[in-house]
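Engineer:
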Amino acid sequence: MKELLSLAFAGSIAFATPAMAAETIIDFSTFADGTPITSVAGVTFSMGGGPNASSTPSAVCVFTACPVALSNSDTNDYPTNSVLSAVFGNVVSNVRFTFNNYGTNNGSFYSAFDESGALISSAVIDSSNNYTDFISVGGAGIKSLTWNNNSGGSSNWQFGVGALGFETMSAVPEPSTWALLLLGFGLIGGSMRAARRKGSIAVSYA
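The sequence shown lines up with residues -21 to -1, 1 to 185 when you count with mature numbering (1 follows the signal peptide of the UniProt record, and there is no 0).
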């Protein structure tokens, strides 16, 4: 019996479990103007590369360009940081976002990295004059994402991320896996019933 139970359990592990994508969308326009943003939906946000390197990213209504967006400034004005970063709680795929440069600077770009910090993809974001771009990030297995105004921290240029979407993978057992698990439970139940019957037999001697 123990051998059968072990076989059923081992068989259930041996079968691969496909993954189901769980989608998350963070809409920064739903936050009040001036709200500090450090962690939302398992994503950690930070800024760097400028005069406000120690400050916290904020959802702000930049100048007159509302609705609210996550900005590389902690106010609705200058000075700014050059880099806004997002670190995901798990590796993700199908990452996309909306982006606005709030002006005529076309040098901003995004970069996506894996868990080891290796670059997965990067591209210039052609967005200017309060025009919002909808960007789809190339690659899967993304652990972090940065937006960079390409100033090297030497000058100010404010941008905003209006929304961020991504998918994480969650394991879902296949039908064959469920069948093996149920078989194991059935064998366990059968062995317990057999043990009870054996214990209930009374033996008497004349």
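Virtual Cβ for every residue (Gly too), placed ideally from N, Cα, C.
Inspect the beta-carbon positions of Gly120 and Ile99 and report whether they are closer than 8 Å.
Structural biologist: Yes, these two residues count as a Cβ contact at 8 Å.
Engineer: Would you identify the three-state DSSP class for Phe7, choosing helix, strand or coil?
Structural biologist: Helix, per DSSP.
Engineer: Sort out for me which residues DSSP pairs Ala20 with in a bridge.
Structural biologist: Paired residue(s): none; Ala20 is not in a bridge.
Engineer: Measuring alpha carbon to alpha carbon, tell me which residue in Thr147, Val22, Ser115 and Glu94 is nearest Leu63.
Structural biologist: When only C-alpha atoms are compared, the closest one is Val22.
Engineer: Compute the distance between the beta-carbons of Phe7 and Ala38, then report whether it is under 8 Å.
Structural biologist: Yes, the pair counts as a contact, with Cβ atoms nearer than the cut-off.
Engineer: Can Phe24 and Arg75 be called in contact, C-beta distance under 8 Å?
Structural biologist: Not in contact: Phe24 and Arg75 (Cβ atoms no closer than 8 Å).
Engineer: Please list the terminal residues of the continuous beta strand (DSSP E) segment that includes Asn128.
Structural biologist: Element bounds for Asn128: n/a, residue is neither H nor E.
Engineer: What number of angstroms, rounded off, separates the C-alpha of Thr147 from the C-alpha of Lys122?
Structural biologist: Thr147 and Lys122: Cα-Cα distance of roughly 11 Å.
Engineer: DSSP three-state call for Asp112: helix, strand or coil?
Structural biologist: Reduced to three states, the DSSP call for Asp112 is strand.
Engineer: Beta-carbon within less than 8 Å of residue 251's beta-carbon, same chain only, minus the 5 sequence neighbours each way: which residues are those?
Structural biologist: Since the first residue of the chain shown is -21 and the last is 185, residue 251 is not available in this structure.
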